[in-house]
Structures are given as C-alpha cells and as structure tokens.
Amino acid sequence: MQRLIDAFINSVRAFRRLAASETAFQQELMLLALALPAGWFISVSWRGYALLIGAVLLLIVVEVINTGLEAACDAISREFHIDIQLAKDCGSLAVLISILIAAGVWVIAVIERIAGVPI
C-alpha cells in the first residue's frame, strides 16, 4: 500500500511541476477543460463522449512522456548530440501524432453531430 501512496505523491508532484512551468501542458489542460463540456454537446453517445475525452487525455499522456524524455536528455547533456536530438525529435513527433489523432476524432464527432448520422 505504501508503494501506491508514494507513486501517487510522485504523480501529484509531477502534475504540479508541469502545470506550473510547462506551457504545452498548461495549454493541453485548458483544452481538456474546454473539451469536457464541449464533448458533452458534440457526442451522440456516452461512448462517443468517452472517445472524445480519451483522445484529449491521450494527447496529455504523450506530452507528459515527451516532457520526461526531454528532461532526461537535458540531465545527461545540454550540449548538442545527434542521438539526443533524435530522442527529442521522436518525442515531438509522438506529440504531433497524438494531436492528429485527437483532431481526427473531434472532426468525425462534429461531422456526426451536424449530419445526424454516425460515420
């Protein structure tokens, strides 16, 4: 049980630090705050709502992992190294892919709402 409590404390510490200092994380939290009510009106079912919010949460998860990767790379060396650049670029690509997934899910949901038929 203590391990779960420690993991929770570590997670809260990371959340606070990211929310206080990482612009991308702050923007994604604001996106989530907007998505919660917007998804309720856009979705045509509970499953659709879960998918809309899940897509935004996926984006946040990938951003958290990317930030951790960048922090680890910076802790190793702040000097230019081709492998560190690749690691950071791959993290950035993962965020971009998750943005495209989230945008696609939301676009499909809006089209479903406007057309009145599931795609």
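Take 25 as the starting number for the sequence shown in the working numbering and just add one per residue.
Backbone N, C-alpha and C define an ideal beta-carbon position, used for all residues, glycine too.
Note that this is a predicted model, so its numbers are computed, not measured.
Query raised in the report: Are Leu82 and Ser122 closer than 8 Å when you measure CB to CB?
Result: One-based indexing of the sequence shown puts residue 82 at position 58. One-based indexing of the sequence shown puts residue 122 at position 98. Against a cut-off of 8 Å, the Cβ pair of Ser122 and Leu82 comes out as a contact.
Query raised in the report: Exposed or buried, Pro90, counting other C-beta atoms within 10 Å across all chains shown (16 or more means buried)?
Result: Against the sequence shown, residue 90 aligns to sequence position 66. Sequence check: residue 90 is Asn here, not Pro. It counts as buried.
Requested in this report: Have a look at Ile84 and Arg27 and give me their C-alpha separation to the nearest angstrom.
Outcome: In the sequence shown, counting from the first residue as 1, residue 84 sits at position 60. In the sequence shown, counting from the first residue as 1, residue 27 sits at position 3. CA-CA distance, Ile84 to Arg27, rounds to 24 Å.
**Report entry** Burial state of Val80 (16 or more Cβ within 10 Å)
**Finding:** As a working mapping, residue 80 is identified with position 56 in the sequence shown. That one is buried.
**Report entry** Inter-residue CB distance, Pro200 and Val36 (contact presumed, cutoff 8 Å)
**Finding:** As displayed, the chain neither begins before 25 nor continues past 143, which places residue 200 out of reach and without an answer.
**Report entry** Cut-off 7 Å between Cβ atoms - residues of its own chain near Val134, not counting five sequence neighbours on either side
**Finding:** Residue mapping note: residue 134 aligns to position 110 of the sequence shown, counting from 1. The residues Ile66, in chain order, have a CB closer than 7 Å to that of Val134 in the same chain once the five nearest residues on each side in sequence are set aside.
Query raised in the report: Going by beta carbon distance, what residues of the same chain come within less than 8 Å of Lys112, once the five residues before and after it are set aside?
Result: As a position in the sequence shown, residue 112 is number 88, starting the count at 1. Taken in chain order, the residues that qualify are Leu93, Glu94, Cys97.
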